[in-house]
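Just so you know, the protein sequences line up as chains A and B, in that order.
Everything in the first sequence is counted per our numbering, starting at 6 for the first residue and increasing by one.
Everything in the second sequence is counted per our numbering, starting at 18 for the first residue and increasing by one.
Don't be surprised by glycine CBs; every beta carbon is placed ideally from N, CA and C.
These notes are about the structure you will find just below.
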Amino acid sequence: MSSARLTNPDAIRDFRMHMVSFKEVCESALSGSAAELSRVRDWLRIDQLAHWKKQLIKREEVYQTARRMWLEAEGDTVGAMNKRGPAKPSSMEERILMDRARRHRDEAEEKLALVRRWMLKIEQDGEPLVNQCQSHDFALREECTKAITQLDRLFDQVHEYLAVPTAELRSAAMPAAEALPPATSAAVEPAVAPLPRAEAPQGDPAQPGSHAPEAHHA
Amino acid sequence: MPNVSGDDALLEKALKDLSAAWSRSSDGWQDAARSTFAELHLQPIEIRARHGAKAIKQLEALLAEAMRQCS
Chain A
6 MSSARLTNPD AIRDFRMHMV SFKEVCESAL SGSAAELSRV RDWLRIDQLA
56 HWKKQLIKRE EVYQTARRMW LEAEGDTVGA MNKRGPAKPS SMEERILMDR
106 ARRHRDEAEE KLALVRRWML KIEQDGEPLV NQCQSHDFAL REECTKAITQ
156 LDRLFDQVHE YLAVPTAELR SAAMPAAEAL PPATSAAVEP AVAPLPRAEA
206 PQGDPAQPGS HAPEAHHA
Chain B
18 MPNVSGDDAL LEKALKDLSA AWSRSSDGWQ DAARSTFAEL HLQPIEIRAR
68 HGAKAIKQLE ALLAEAMRQC S
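Structure below.
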């Protein structure tokens, strides 16, 4: 038999409230992983793939135009030198424009390849992580529910021991949505045995929060 | 472009808050049942939640990198 040293039964109730909040955050955080992956996958497949395909077509056209202009300028430069006509000193400006257009086109090509690679990588690396999140989500739901049930049981046992109507206390202390069946349910094995009457506290049993003296669990 | 949720940080914070609440509860509750509860329920939950937060963090890093590179 061990000393309970439960000087404030509300400590269990307060911690239970934190456990319920924690469970809600876990569910919200972990269950959103699949949707998050899906959003990015759609963004890659629908938005970015289409965007860079269009960009590649557009930039290829710009490059081809720039290339034609450079070739014409080259011809003009050579022709002017041979015929001694109106001189076009150089095709350097057209060359610079063509090189810039080619770099832009190459960039679009690289982006398109990158989007395709990431679409694959998201499937290969992202899906297992989502599965992990879902697995932790299910396990945490179960573990938190068990923990909350156990806190309910402890709370009930303490108040039973203190001879305070627990239904009254629980309805006042806990949200209705989280109220659980009585601790006498056969579904969960109690962690502590019913408190022996012989070791009942000497304090006022009608005031559970009034720092009851040491109780003893079996 | 989709936003990265930051759920890993939320989960880490929730874990920290739970741990702090547990420590505070020791002011009014110190017995064998508390130790048993910690061992059977709280510790597995903390371990599980840390693994969950890690998985979310890795997923978010992956998605953020995909968005950064493909924008």
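Inset, instruction - Write down the C-beta distance between I127 (chain A) and L35 (chain A) rounded to the nearest angstrom, noting that I regard them as a contact closer than 8 Å. - result: Actually they are not in contact, since the Cβ atoms of I127 (chain A) and L35 (chain A) sit about 19 Å apart, beyond 8 Å.
Inset, instruction - State buried or exposed for A40 (chain A), treating a residue as buried only when at least 16 other CB atoms are found within 10 Å of its CB. - result: exposed
Legend entry - Proximity below 7 Å, CB of A70 (chain B) to CB of D25 (chain B): yes
Legend entry - is_contact[L54 (chain A), chain B] using C-beta, thresh 7 Å: no
Legend entry - Alpha-carbon to alpha-carbon, Q75 (chain B) and Q162 (chain A): 43 Å
Inset, instruction - Check the Cβ of Q155 (chain A) against every Cβ in chain B and list those closer than 7 Å, keeping chain order. - result: F54 and H58
Inset, instruction - Taking 8 Å as the threshold, find out whether the region 105-115 of chain A comes into contact with the region 63-74 of chain A through three or more Cβ pairs. - result: yes
Inset, instruction - Pull up the CB-CB distance for E148 (chain A) and H58 (chain B), whole angstroms please, since I reckon it's below 8 Å. - result: 7 Å
Inset, instruction - With a 10 Å radius around its C-beta and 16 neighbouring C-beta atoms as the bar for buried, classify P94 (chain A) as buried or exposed. - result: exposed
Inset, instruction - Rounded to whole angstroms, what's the CA-CA distance from A182 (chain A) to L49 (chain A)? Just pull it up for me. - result: For A182 (chain A), the pLDDT reaches just 44, beneath the cut-off of 50, and the residue's location in the model is therefore unreliable, although a value from the coordinates is still provided. Rounded to the nearest angstrom, the two C-alpha atoms are 41 Å apart.
Legend entry - S52 (chain B), DSSP secondary structure in three states: helix
Inset, instruction - State the Cα-Cα distance for the pair E63 (chain B) and F20 (chain A), rounded to the nearest angstrom. - result: 15 Å
Legend entry - Cβ of S40 (chain B) within 7 Å of any chain A Cβ: no
Inset, instruction - Taking C-beta pairs closer than 8 Å, name the residues in chain A that R65 (chain B) reaches, listed in chain order. - result: H141, A144, L145 and E148
Inset, instruction - Please decide whether A50 (chain B) counts as near chain A, where near means a Cβ-Cβ distance under 7 Å. - result: yes
Legend entry - Neighbourhood of H141 (chain A) by C-beta, 7 Å cutoff - its chain only, sequence neighbours within 5 removed: L35
Legend entry - Contact set between S38 (chain A) and chain B, taken where Cβ atoms lie within less than 8 Å: D24, A72, I73 and L76
Inset, instruction - Determine, using beta-carbon pairs with one atom in the region 14-32 of chain A and one in the region 29-47 of chain B, whether at least three such pairs fall under 8 Å. - result: yes
Legend entry - Min CB distance A182 (chain A) to chain B below 7 Å: Note that A182 (chain A) scores 44 on pLDDT, short of 50, meaning its location in the model is unreliable; the coordinates nonetheless yield the value given after this. So no, A182 (chain A) is outside the interface.
Inset, instruction - Using only alpha-carbon positions, find the residue among A:I153, A:E112 and A:D130 that is nearest to E29 (chain A). - result: A:I153
Inset, instruction - Find the nearest neighbour of W57 (chain A) within the set A:K116, A:R46, A:H164 and A:E77, judged by alpha-carbon distance. - result: A:K116
Inset, instruction - Using a Cβ-Cβ cut-off of less than 8 Å, give me the residues of the region 93-125 of chain A that come near chain B, in sequence order. - result: K116, L119, V120 and W123
Legend entry - Element boundaries [alpha helix (DSSP H), containing M22 (chain A)]: D15 to S36
Inset, instruction - Determine the direct distance from the alpha carbon of S88 (chain B) to that of Q60 (chain A), and round the result to whole angstroms. - result: 13 Å
Inset, instruction - Answer yes or no: do R122 (chain A) and R64 (chain A) have a C-beta to C-beta separation smaller than 7 Å? - result: no
Inset, instruction - With DSSP as the reference, label Q75 (chain B) as helix, strand or coil. - result: helix
Legend entry - I153 (chain A), enclosing alpha helix (DSSP H) - first and last residue: E132 to Y166
Legend entry - Cα-Cα separation, H23 (chain A) to D47 (chain A): 37 Å
Inset, instruction - Identify, in the order they occur along the chain, each residue of the same chain with its Cβ nearer than 7 Å to the Cβ of D130 (chain A), setting aside the five sequence neighbours on each side. - result: none
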